[in-house]
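Heads up: the structure comes next, in structure tokens.
Number of protein chains: 2
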Amino acid sequence: MSHTHVRGTGQENWLLAMLPDDAYARVLALCETIPMATKTIVIEPDVLIEYAHFPITGCLSVVALMKDRGRVEVGTVGWEGMSGLSFLHGVETTRTQCITQVAGTMRRITRQDMMTELGSHGELVGLLNLYADVWISQIGQGVACNGVHSIDKRLARWLLITHDRVIGDVLPLTHEFLAVMLAVRRASVTVAATALQNRRIIDYTHGKITVLDREQLEKATCECYEMQRASYEKLLPVTPD
Amino acid sequence: MSHTHVRGTGQENWLLAMLPDDAYARVLALCETIPMATKTIVIEPDVLIEYAHFPITGCLSVVALMKDRGRVEVGTVGWEGMSGLSFLHGVETTRTQCITQVAGTMRRITRQDMMTELGSHGELVGLLNLYADVWISQIGQGVACNGVHSIDKRLARWLLITHDRVIGDVLPLTHEFLAVMLAVRRASVTVAATALQNRRIIDYTHGKITVLDREQLEKATCECYEMQRASYEKLLPVTPD
DNA sequence: GCAAATCAGTACGGTAGCGTACAAAATCGC
DNA sequence: GCGATTTTGTACGCTACCGTACTGATTTGC
């Protein structure tokens, strides 16, 4: 494991794992644990949010839908976070879509159970507050990065972020999908990815990108990855392993 | 007033104005009301936040500082909002800078008074929760917009956002400053601004941009302005005037 | 095992925006 | 009012990325 690598255990979502025992038991009893297939839409824009999702493996993507049918990723949610953060703020719809990016196992809780839990006990509220702060930092850095950095660097950042959120070194992602996430042409992704492959930093076959040399990948990206990672570590100290 | 135009009264910050009388009196007693000069830095990255600021007139800008000394605006705070939103989440530092963009009058409250207020009473917490949700929507749309829209459109959006936050139609902004905010060259701003001026949509002399035809300006921008405005209006219903 | 579908490689002209530079115009300090 | 400073106008070659399109490679479905 690289020194800067933050990885989930694949056993439990971080927010849930950090709950004290009694709160954990209480919240877990409200959750359903389900497999989530790629491209499942878990939140539609401006539609009452049905569930909050806590990924254990796999990850979700928060996506802004543009009028011209364009789509741009705003942020990524993995084992460290939750979809439906609006619930924390007492809001039950959002203007962005949330879609499964990498299939995995997730716990989900209904809107009503979530609102009841948040209204009656403070443990989860405290953790979600920390997560909200991190989320704001993340997407703030995303605004800046999308404004000024090249596709090469943004691709590397995106691979690192996803690598942090899956188990293993294989990311089930097509160039087409990456293009949507980075808001660039599919062809641009192919060019950037080919460059990384030629440098033996990644390898890929159809729909599967393998991270070969994470250290070099970190060197190939912009500062934004490090910023984003640091904002997690400030607030979400990783349990020793 | 244009049909889509949301403007402050210049008398009070919206978050404070929406407080019930007793809470308003209590919070106001904790605030200091001060003039704020352009370019005053109110929050430094990773430094303990001293105050939360509630603009009454003028506005603040949240800016990401890049390692190469580049700067990119993440979002804008005016009469509808507050700097130091982290306090809501129990966090006392942030990774972005907050700087005065347009001089004005603001109320400020110390970290300790703010934390005490948030911990002991719920009225302000409720409003800040709504504002946090709006803020997240705003910067999410900013991620998308910076990713895909042209400088022309982004400039128009930025002028509209600022116009919504100042009293009158004169925005005291130089091209140089706008360039930082949009993360583009100063020369690019001049070209885009000149085009708007030729169309009689704006006028400017050194450091002062005047909005002449707001309706056309709205037509010249991308959907992102409308999205951002809508997210305010959903949560912050404007008092009738 | 073969057809259909998906995914990846590559190319080419077009253009938005960059870095840089320099000069003109407006404003400020005194 | 005059020099110094700030702000704006404009130009030029350059690069990254776009839109589009076509081909080839791999996987999937049956």
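Residue numbers (the numbering used here), protein chains in the order written: chain A, 1 to 241; chain B, 1001 to 1241. Backbone N, C-alpha and C fix where the C-beta goes; we use that ideal spot for every residue, glycine too. Since the structure is predicted, the reported quantities are computational estimates derived from the model, not experimental observations.
If contacts are defined as beta-carbon pairs under 8 Å, then residue i and residue j qualify, I think. What distance do you get, rounded to the angstrom?
| i | j | result |
| --- | --- | --- |
| THR221 (chain A) | LYS153 (chain A) | 5 Å |
| LEU128 (chain A) | LEU85 (chain A) | 7 Å |
| THR1105 (chain B) | THR1057 (chain B) | 5 Å |
| ARG107 (chain A) | GLU215 (chain A) | So it is not a contact: roughly 33 Å between Cβ atoms. |
| ILE1139 (chain B) | GLY140 (chain A) | 6 Å |
| VAL148 (chain A) | VAL1072 (chain B) | 6 Å |
| ARG186 (chain A) | ALA192 (chain A) | Actually they are not in contact, since the Cβ atoms of ARG186 (chain A) and ALA192 (chain A) sit about 11 Å apart, beyond 8 Å. |
| ARG998 (chain B) | SER137 (chain A) | Outside the shown range of chain B (1001 to 1241) lies residue 998 (chain B), about which nothing can therefore be said. |
Quick one: what does DSSP say residue i is sitting in, helix, strand or coil?
| i | result |
| --- | --- |
| HIS1121 (chain B) | coil |
| GLN1228 (chain B) | helix |
| ASP241 (chain A) | Below a pLDDT of 50, predicted positions are generally treated as unreliable, and ASP241 (chain A), at 39, falls in that range; the measurement from the model is reported next regardless. In this structure, ASP241 (chain A) counts as coil in the three-state DSSP scheme. |
| ASN13 (chain A) | coil |
| THR1093 (chain B) | coil |
| HIS1175 (chain B) | helix |
| ASN146 (chain A) | helix |
| ALA1183 (chain B) | coil |
| VAL189 (chain A) | helix |
| ARG1071 (chain B) | strand |
| THR221 (chain A) | coil |
| LEU1085 (chain B) | helix |
| VAL1042 (chain B) | strand |
| VAL275 (chain A) | Residue coverage of chain A in this structure runs from 1 to 241, which leaves residue 275 (chain A) outside it and unanswerable. |
| LEU127 (chain A) | helix |
| THR4 (chain A) | Bear in mind that a pLDDT of 48 at THR4 (chain A), under 50, signals an unreliable position, so the number given afterwards is only what the model happens to contain. DSSP places THR4 (chain A) in coil when its eight states are reduced to three. |
| ASP164 (chain A) | coil |
| MET18 (chain A) | coil |
Shortest alpha-carbon distance to residue i belongs to which of the options?
| i | options | result |
| --- | --- | --- |
| GLU1092 (chain B) | B:ASP1046, B:LEU1019, B:ALA1144, B:ARG1069 | B:ASP1046 |
| VAL143 (chain A) | B:THR1038, B:VAL1063, B:LEU1127, B:GLY1104 | B:VAL1063 |
| PRO1172 (chain B) | B:VAL1102, B:LYS1234, B:VAL1148 | B:VAL1102 |
| ILE1161 (chain B) | B:VAL1191, B:GLN1228, B:THR1040 | B:GLN1228 |
| GLU226 (chain A) | B:GLY1010, B:LYS1067, B:HIS1206 | B:LYS1067 |
| SER1188 (chain B) | B:LEU1159, B:GLU1176, B:GLN1197, B:SER1231 | B:GLU1176 |
| THR210 (chain A) | A:ASN129, A:ILE167, A:THR9 | A:ILE167 |
| CYS59 (chain A) | A:ARG165, A:GLU233, A:ALA183 | A:ARG165 |
| LEU130 (chain A) | B:ASP1113, B:GLN1112, B:GLY1090 | B:GLY1090 |
| ILE1034 (chain B) | B:GLN1097, B:LEU1016, B:SER1120, B:PRO1055 | B:PRO1055 |
| TRP1135 (chain B) | B:LEU1016, B:TRP1158, B:SER1231, B:THR1116 | B:SER1231 |
| GLY122 (chain A) | A:PRO20, A:GLY10, A:LYS234 | A:PRO20 |
| ASP1213 (chain B) | B:ILE1202, B:VAL1184, B:ILE1041, B:GLU1233 | B:ILE1202 |
| MET115 (chain A) | A:GLU50, A:LEU182, A:ALA132 | A:GLU50 |
| LYS39 (chain A) | A:MET18, A:LEU118, A:MET181, A:ASP133 | A:MET181 |
| ALA37 (chain A) | A:HIS206, A:SER61, A:GLY126 | A:SER61 |
| TYR24 (chain A) | A:ARG200, A:GLU117, A:GLU44 | A:GLU117 |
| GLY1081 (chain B) | B:LYS1219, B:ALA1017, B:THR1205 | B:ALA1017 |
| CYS1224 (chain B) | A:GLY70, A:TYR204, A:LEU196, A:THR190 | A:GLY70 |
| GLU1233 (chain B) | B:ASP1133, B:THR1174, B:ASP1113, B:ARG1111 | B:ASP1133 |
| THR174 (chain A) | A:GLU44, A:HIS163, A:TYR204 | A:TYR204 |
With the cut-off set at 7 Å, would you say residue i and residue j are in Cβ contact?
| i | j | result |
| --- | --- | --- |
| LEU1088 (chain B) | ALA1156 (chain B) | no |
| ALA1052 (chain B) | ILE1109 (chain B) | yes |
| TRP158 (chain A) | TRP79 (chain A) | no |
| CYS208 (chain A) | VAL184 (chain A) | For the record, residue 208 (chain A) in the displayed sequence is Lys; it is not Cys. No. Outside cutoff. |
| LEU1048 (chain B) | GLN1097 (chain B) | no |
| VAL322 (chain A) | SER83 (chain A) | It is not possible to answer for residue 322 (chain A), since the shown part of chain A is limited to 1 through 241. |
| ASN146 (chain A) | ASN1198 (chain B) | no |
What residues are listed by DSSP as bridge partners for residue i?
| i | result |
| --- | --- |
| MET1036 (chain B) | B:GLY1104 |
| ASP203 (chain A) | A:THR210 |
| CYS59 (chain A) | A:VAL102 |
| VAL1170 (chain B) | B:THR1210 |
| LEU65 (chain A) | A:ARG71 |
| TYR51 (chain A) | A:THR110 |
Report yes if the C-beta of residue i is less than 6 Å from at least one heavy atom of the ligand GDP; otherwise report no.
| i | result |
| --- | --- |
| PRO1045 (chain B) | In the structure shown, the ligand GDP is absent, as is every other ligand, since no ligand is present at all. |
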